[in-house]
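In the numbering used here, the protein residues as written are 754 to 947.
What follows is a single structure, written as structure tokens, with notes after it.
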Amino acid sequence: MKHSFYDRPVVEVARDLVGCVLSCGDCAGVIVETEAYHYSEPASHAFVGVTPRTRTLFGRPGLAYVYRSYGIHACFNAVCEPEGVGAAVLVRALQPICGLAEMRARRGVEDVRGLCSGPGKLTQALGIELGHNGLDLVRPGPIQIDERPAAWRAVSLLTDTRIGITKAAELPWRFCAQGSRFLSRPVSRRSVAA
DNA sequence: CATGGGATTGACT
DNA sequence: GTCAATCCCATGC
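Printed below as a string of structure tokens:
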């Protein structure tokens, strides 16, 4: 994906990333669920400004922001908007397409639907770790995001409220591929076409 | 320097 | 449905 793809409003990028392919090494999956985070709202890590933790979030669009969640899991984001803004898209779920055996080995799970159906699960399945924080997704490297395969070009999206947050919980900044069986959680009845 | 709280998951009732 | 695991780091004294 090009630099300019990420240098746009984060909600637009979150929507457009659904259907794209996230790969790390020999493993890959179609992104079926994303969430947008922006410095202006308190659910975003960038809300507190530039700190050692959030430095990457304020970097160039197209950087990977990887952070540790609950002391246990790694979560993967793509930095968006112009450098210095502080915004990113959290990738929450994938439909696995390549490297299934490696994913199963890393996850210790057989069911395909259990491999990448959550932000902590997909990083474990793909081997994404904290050391990948700050990697440039736009340049050649272990982690890539590629445009939608033909079958996903016209994917229908649903928008919903974000999961697992207590602040700014009302914003409809979660985006899901309609009908996907690989989501981290089903969409709520309140979800609407995006 | 001490404290508290997660953008989660999996095991258990 | 409930709950513990586990650790980084932002905050406040």
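Idealized CB from N, CA, C, for every residue including glycine.
Quiz item: So the alpha helix (DSSP H) Q877 belongs to, where does it begin and stop?
Solution: Residues 872–879.
### Message
Pull the bridge partners of N697 from the DSSP assignment, please.
### Response
This structure cannot speak to residue 697, because the chain is shown only from 754 to 947.
Notebook entry, point to check: Fully enclosed by the region 804–833, which beta strand (DSSP E) runs are 3 residues long or longer?
Noted result: Taken in chain order, the complete beta strand (DSSP E) segments of 3 or more residues contained in the region 804–833 are 817–822, 826–833.
Quiz item: Hey, H885 and V832: beta-carbon distance below 7 Å or not?
Solution: Between H885 and V832, the gap from beta carbon to beta carbon reaches 7 Å or more.
Determine contact between the region 820–828 and the region 768–784, defined as no fewer than three beta-carbon pairs at a distance below 8 Å.
-> No, the region 820–828 is not in contact with the region 768–784.
Cβ of L948 within 7 Å of Cβ of L883?
This structure does not reach residue 948, given that the chain is present from 754 up to 947, and the question cannot be answered.
Next on the checklist: For the alpha helix (DSSP H) containing L936, name the first residue and the last one.
Outcome noted: Unbroken run through L936: none, as it is neither H nor E.
With C-beta atoms as the reference, is L911 less than 7 Å away from S944? Pairing L911 with S944 gives a Cβ-Cβ distance under 7 Å.
**Request:** Report the residue from E786, R892, G837, V785 whose alpha carbon sits nearest the alpha carbon of L810.
**Result:** Closest option to L810, judged by alpha-carbon separation, among E786, R892, G837, V785: G837.
Taking the alpha helix (DSSP H) that H756 belongs to, which residues open and close that run? H756 -> alpha helix (DSSP H) spans 756–759.
_On the CB-based measure, 16 or more other CB atoms within 10 Å of its CB, does H756 come out buried or exposed?_
Note on H756: under 16 other CB atoms within 10 angstroms of its CB, so exposed under the neighbour-count rule.
Work out the CA separation of D769 and T762 for me, nearest whole Å.
-> For the record, residue 762 in the displayed sequence is Pro; it is not Thr. Rounded to whole angstroms, P762 to D769 spans 11 Å at the Cα level.
- Do E900 and R845 have their C-beta atoms within less than 7 Å of each other? Result no, Cβ atoms of E900 and R845 do not sit closer than 7 Å.
Exercise for the section: Count the CB pairs spanning the region 778–794 and the region 917–929 that are closer than 8 Å, and state whether there are at least three. Expected result: Taking a cut-off of 8 Å on C-beta distances, the region 778–794 touches the region 917–929, as three or more cross pairs fall below it.
Whole angstroms are fine: how far does the CA of A767 sit from the CA of R906? Their Cα atoms are separated by approximately 15 Å.
Please state if the CB of L888 and the CB of A817 are separated by a distance shorter than 7 Å.
Contact annotation: A817 and L888 have beta-carbon atoms nearer than 7 Å.
request  = For V842, collect the residues of the same chain with a Cβ closer than 8 Å to its Cβ; drop the 5 residues on either side in sequence, then sort them by chain order.
outcome  = V763, V766, A767, L770, T787, E788, A789, Y790, N830, A831, C833, listed in sequence order.
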